Amino acid sequence: MKKEILIIILLLILSYPAVKSLLIPGGFTSHDLTHHVVRQINMDKLLSEGHFPPRWSGELNNGFGYPVFLFNYPLPALLGEVFHKSGFEFVSSVKAVLFTSMILSVLGMYLFLKELLGSKLAAFLGSIFYLYAPIRFLNVYVSAALGSALALGILPFVFWALYRRSILIGSISLAALILSHNVTALIFIPVIIIFSVVCGRLRSLAVMLLLGLGLSAWFWLPAIFEKQYIKFDQIYNNFYADQFVGLWQLIHSPWGYGLSHPQNPEIGDMSYQLGLVHILVMVILIPFLWFKRKITEVRVIGGFALTFFSLTVFLMLKNSLPFWLSLPFLSLVQFPLRFQVISVFSASIATALLVKYLPFKKMIFIILLIMVIYASRNHWKINQVFDPGENYYLSLKTTTASFDEHLPKWGKAMSKPAVAKLEVIRGIGEIRVIKNQSAKVLAEVEVTTASKLRFNQFYFPGWEIKVDNKPAVFNYLTDRESYGLPTFDIDIGKHQILAEFKNTPDRNIADGISVIIFITITIIICKQLAHSLSGAKKSS
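Here it is, written out as structure tokens:
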């Protein structure tokens, strides 16, 4: 136990250079940090209103509403809320999630590789390789891609639990992976399935998938069914076509903090490099597999790592375009470079395998450790501090998406704030808002003529409007001036208007599935704890 604690301390010490820039006060320039801070603010507001599962924000899109957590992975913001309620400001809460993702990844990878190969030395180096890879620093310091960063922190625990046949831990980890970043979960599912086949864990995986998918169904099921209502496919259908990288770019490309233009590079663009030391390890693995082919573990685990490394490198190159065209689900990945996380995961396994079986393993361990950390020396830092203060982020009411891709097909990004949630657009009257929440707006209206009202939230399935407790007939597609916004008529007099964002049938089904699985897992955990306590009492 003392040795394990010492190893963990050493891992944390070696992880410090990778995370130290996150300890600098304030925010920093990046692709998405501002988006995630605004999402964090909205998550806090929705939860404070009792809106769970959180799905619709009435404040985003300049007050005209946005289904932010219906389609955007919610776990990073939910975890961020834990930090916020502990006293962190919103920016610090988001950075704390990034910090957590890095630490979780190195510890999780160590546990997984130690379980897989039975060598602490090999697991130690493999976990460092998993942390010190260009894509990891790109996710944190260049893109501030909160979801994918957290997903890579959770991912090793999925493999660790699967190999141990720890069904409950694996199910919860798998659900957390999906809720952290659905795209990362999507591209890793085939890897997880093949790994379970290779290691004889297919039955365990089947149960893990059943429970994990069920536990996270409240998010992914409505997102799949209701994707038809948003602009996502119009924007991202062929987005990947100009995002393929060149083979040399994977080997070497300058480190930058700009955007991604791999086929028409611009000065300061982000880097596409995979990592020279990671590539070196995979090159060494090829003859190693030949000379050690009689060792089953080397042949199976090494073959698994080399196969997925080669496949994912191929999928990042333009030569793989026919596969992208023939497999429609690949378009959801958006950026072929995202497959690099599988390449790095494979290289980390390969590194551990080499350390376990090569001669002079301690010397190789030290050389590779120094090389992989030194090779990343220019990557583990922010570009520059951006600290406009908390009020700046509180004032932002964007869609928190670069291309507004989750807007309803009949909606648009609004440049000016909404006048109010309810507005008289024809007739004369006064409106007094009693309750103004994202999922519930209650108002008293008094009009002196027959009038037409507009509800200034872009319609999305689930919105219901009642006038004096009776369902109102509203239109949102016929009025050019109010296109996408529900309008309805009311008679002369005083009226009570209630607009609520309710569950659709598919959301009810999804929520029900997750509740049932959550109760099932809770009962199993309670029974196991009771059994453990009973056994402890008998032994004492």
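In short: position in the sequence shown from 1, add 457, done, that's this note's numbering.
Just so it is clear, CB atoms sit at the ideal spot from N, CA and C, and this is done for glycine as well.
Owing to the predicted nature of the structure, the values given are computational and were not obtained by experimental measurement.
Check: CB S895 to CB H492, shorter than 8 Å?; Outcome: no
Check: Does Y589 come out as helix, strand or coil in the three-state DSSP assignment?; Outcome: coil
Check: Could you check where the beta strand (DSSP E) with Q953 kicks off and where it finishes?; Outcome: 950 to 958
Check: Between F796 and the rest of its own chain, which residues show a CB-CB distance below 6 Å, the 5 nearest in sequence each way excluded?; Outcome: T769, L772, M773
Check: From which residue to which residue does the beta strand (DSSP E) around G886 run?; Outcome: 886 to 893
Check: Would you mind giving the Cβ-Cβ distance between L742 and G725, rounded to the nearest angstrom? I have them listed as a contact below 8 Å.; Outcome: No, L742 and G725 are not in contact; Cβ-Cβ is about 34 Å, not under 8 Å.
Check: From which residue to which residue does the alpha helix (DSSP H) around V664 run?; Outcome: 659 to 672
Check: Would a C-beta distance cut-off of 8 Å place L578 and F745 closer than the cut-off?; Outcome: no
Check: What residue ranges within the region 493 to 533 form continuous alpha helix (DSSP H) runs of no fewer than 4 residues, ordered along the chain?; Outcome: 525 to 528
Check: Going by C-alpha distance, which of P722, H638, F545 is nearest S558?; Outcome: H638
Check: Thinking just about the alpha-carbon of each residue, which of T857, S717, Y620 is nearest to the one in S661?; Outcome: Y620
Check: Comparing C-alpha positions only, which one of D963, P943, I966 sits nearest to E957?; Outcome: P943
Check: Considering only the beta carbon of each residue, do D963 and P679 sit closer than 8 Å?; Outcome: yes
Check: From V734 to V829, what does the alpha carbon distance come to, in whole angstroms?; Outcome: 6 Å
Check: Let me confirm a value: T641 is counted as buried when at least 16 other C-beta atoms fall within 10 Å, else exposed. Which label applies?; Outcome: buried
Check: Compute the Euclidean distance between the alpha carbons of A870 and Y916, then round it to the nearest angstrom.; Outcome: 14 Å
Check: If you run the structure through DSSP and keep just helix, strand and coil, what is N932?; Outcome: strand
Check: Report the residue from K959, D861, A601 whose alpha carbon sits nearest the alpha carbon of I687.; Outcome: D861
Check: Is it true that the CB of G483 sits closer than 8 Å to the CB of D844?; Outcome: yes
Check: Out of curiosity, what's the CA-to-CA distance linking A858 and V495?; Outcome: 10 Å
Check: By how many angstroms is the C-alpha of Y567 removed from the C-alpha of G919?; Outcome: 45 Å
Check: Compare the Cα-Cα distances from L643 to each of V655, L659, A608 and report the closest residue.; Outcome: A608
Check: Tell me the DSSP secondary structure of L469 in three-state form.; Outcome: helix
Check: For I973 and I966, I'd like the C-alpha separation in whole angstroms.; Outcome: 11 Å
Check: What does the alpha-carbon distance come out to for the pair L810 and L561?; Outcome: 22 Å
Check: Between I649, N835, G703, A674, which lies nearest to F761 when the distance is taken from Cα to Cα?; Outcome: I649
Check: Throw me the rounded Cβ distance for the V898 and V904 pair, which I believe falls under 8 Å.; Outcome: With a Cβ gap of about 17 Å, V898 and V904 do not count as contacting.
Check: Under the assumption that L603 contacts P533 (Cβ atoms under 8 Å), give the Cβ distance between them as a whole number of angstroms.; Outcome: 4 Å
Check: Please tell me whether A633 and S487 are closer than 8 Å, where the distance is taken between their beta carbons.; Outcome: no
Check: Compute the Euclidean distance between the alpha carbons of F432 and L670, then round it to the nearest angstrom.; Outcome: Because the chain here runs from 458 to 997, residue 432 falls outside it and cannot be looked at.
Check: Leaving aside the five residues before and after F545 along the sequence, list all residues of the same chain whose C-beta is less than 7 Å from its C-beta, in chain order.; Outcome: A553
Check: Mark K571 as exposed unless 16 or more other C-beta atoms lie within 10 angstroms of its C-beta, in which case mark it buried.; Outcome: buried
Check: Ordered along the chain, which non-local residues of its own chain (more than five positions away) have a Cβ less than 7 Å from that of I498?; Outcome: F547, Y850, L851
Check: How about L955 and K923: do their beta carbons lie closer than 8 Å?; Outcome: yes
Check: In the structure shown, what three-state DSSP assignment does F540 receive?; Outcome: helix
Check: Is there contact between the region 791 to 808 and the region 589 to 597, where contact requires at least three CB pairs shorter than 8 Å?; Outcome: yes
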